[in-house]
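K.L.:
Residue 115 in our numbering sits at position 115 of the sequence shown, with consecutive numbering throughout.
Backbone N, C-alpha and C fix where the C-beta goes; we use that ideal spot for every residue, glycine too.
Model, not experiment: these values are computed from the prediction.
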Amino acid sequence: MSESPKDPAAEPMPVLDAEVVPDPSPATETPEPTASEAAASDAPPPATPTAAPIAVPASDYTDAGVPTFDAVREKIESIAGRAMGARELDADTPAGRSLDEQWEDRQKAARSRLDEIRKSMDS
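Written out as structure tokens, the structure is:
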């Protein structure tokens, strides 16, 4: 029998072992002052930067963290507005116009077929 070529996707990928090491950036590291420099300086040592807590707008949530009715209404209105805008933009594309024309053609065909059925029932 002839041997078929091996499928490269069927072979398992080799496992790589690595360790993530932070990149010491010169912009974030400051050299430690020597003891003599620290003693000579009257300034307090620099504080380590801490991330400021993210402040939630006070008007959107109550103290308990529940969204206010105004915040919920604004969110619903923005979602509805985006949906209406997307529908209008879709209607302006060639594909959207084509779908509108197909819909109108189907409606006309349905009306004419319904008229034929009504006429046949009257006679």
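(1) So, using beta-carbon positions, are Tyr-61 and Pro-53 closer together than 9 Å?
(2) Starting from Glu-104, trace the alpha helix (DSSP H) both ways and give me its first and last residue.
(3) Considering only their Cβ atoms, is the gap separating Gly-96 from Asp-90 smaller than 9 Å?
P.N.:
In short, the structure shows the following:
(1) no
(2) Counting along the chain, the alpha helix (DSSP H) containing Glu-104 begins and ends at 94-122.
(3) yes
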